[in-house]
Amino acid sequence: MFENLSERLSGVFDRLTKQGALSEDDVKTALREVRVALLEADVSLPVARDFVKAVQDKATGQAVTKSVTPGQQVVKIVHDELVHVLTGDEDPGKLKIDNPPAPILMVGLQGSGKTTTTAKLAKRLKERDGKRVLMASLDVNRPAAMEQLQILGVQIGVDTLPIVKGEDPVQIAKRAKTQASLGGYDVYMLDTAGRLHIDEELIAQAAAVRDVANPRETLLVVDGLTGQDAVNVATEFDDKIGVTGVVLTRMDGDGRGGAALSMRAVTGKPIRFVGLGEKMDALETFEPERISGRILG
Ligand code: GDP
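Quick note on this note's numbering: the sequence shown kicks off at 2 and runs consecutively.
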């Protein structure tokens, strides 16, 4: 399907004269291939450009280690730079949820995997961190979404706030807070409504909930397969609501993971977790090394 970047680069370097250090021309030739590989991996053009420039500055004049070919050397420089850009938090899996009950606001578009991710994360907090978690759905326009969270809660053994008909999202958020305090929960997760597109109502609702809940973490869930769209969604949510981290879903799909690089480079927000399937344990802490390997192919 895709030609592996390492193979591509060794092809390029085979045609070049052997030298002790990477010359500017060598690096330029190699970086054209890197740029193509990044674009194929769904990295946006401006991000790919900036990235290539950063690598060019680092690579030019670098001595080629005896044990590797120039192509391998460039791949290593590219890999290190990818990891550097992708690293946003020392420990992306560690959420700031010290003072109980800590609210976590989950935001994102409909279909991004928000409800699934809410439940996956609740399960993780319960099993790995021993937290008592309460989940609440605020999607009052979609009763099916509220029921879905309840069903997942039963499945993973995490409590959900009972559904009360006729409440608005702010009332539900307040009830969740009270229930979480009275019930001795460590964390309560608010699964906000999603729409197919960002609209004023969606943002106004999420902002109103944010203002009453005062969340410790606001996690944006985006579909990792949507590339540049995911980055646009993140930029807008961050501008209007303020997000503390991103969860990329569907990273088990065919995508090459380039959205992660664009996401990090454009929004500056740390990627915290990746969704790797529909099952409740298919959520992993984001690892820059792994995504870098995937982008490079
Ligand atoms: P929401 O509308 O944003 O709440 O989306 P849902 O949580 O209902 O998810 C929509 C669909 O995507 C469901 O069928 C999920 O099982 C599926 N889904 C969620 N996360 C992932 C993921 O990481 N990988 C895959 N393959 N499917 C996912």
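In this text, a Cβ means the ideal position worked out from N, Cα and C, and glycines have one as well.
A quick note: this is a predicted structure, and the numbers were derived from the prediction, not measured.
| query | result |
| --- | --- |
| Below-7 Å beta-carbon distance, GLU279 vs any chain B residue | Of the protein chains in this structure there is only one, and it is not chain B. |
| Best match in LEU122, PHE52, ALA22 and LEU40 for proximity to LEU220 [C-alpha to C-alpha] | LEU122 |
| Per-residue burial, MET2 [other beta carbons within 10 Å of its own, 16 or more giving buried] | Below a pLDDT of 50, predicted positions are generally treated as unreliable, and MET2, at 38, falls in that range; the measurement from the model is reported next regardless. So MET2 ends up on the exposed side. |
| Host beta strand (DSSP E) of ASP192 (start-end) | 188-192 |
| Neighbour-count burial assignment, GLN206, 16 or more Cβ in a 10 Å radius | buried |
| Exposed unless 16 or more other CB atoms sit within 10 angstroms - verdict on ARG129 | exposed |
| Beta-carbon proximity of ILE78 to ALA60, cut-off 7 Å | yes |
| Where GLN74 falls, given that 16 or more other Cβ within 10 Å makes a residue buried | buried |
| Neighbour-count burial assignment, PRO216, 16 or more Cβ in a 10 Å radius | buried |
| The segment 146-158 touching the segment 263-278, judged by at least three CB pairs closer than 8 Å | no |
| C-beta atoms of LYS175 and VAL222 nearer than 7 Å | no |
| Neighbourhood of VAL141 by C-beta, 8 Å cutoff - its chain only, sequence neighbours within 5 removed | MET147, GLU168, ASP169, PRO170, ILE173 and ALA194 |
| Buried versus exposed, by CB contacts within 10 Å (16 or more), GLY228 | buried |
| Three-state class that DSSP yields for ALA64 in the structure shown | strand |
| Heavy atom of the ligand GDP within 6 Å of ASP282 beta-carbon | no |
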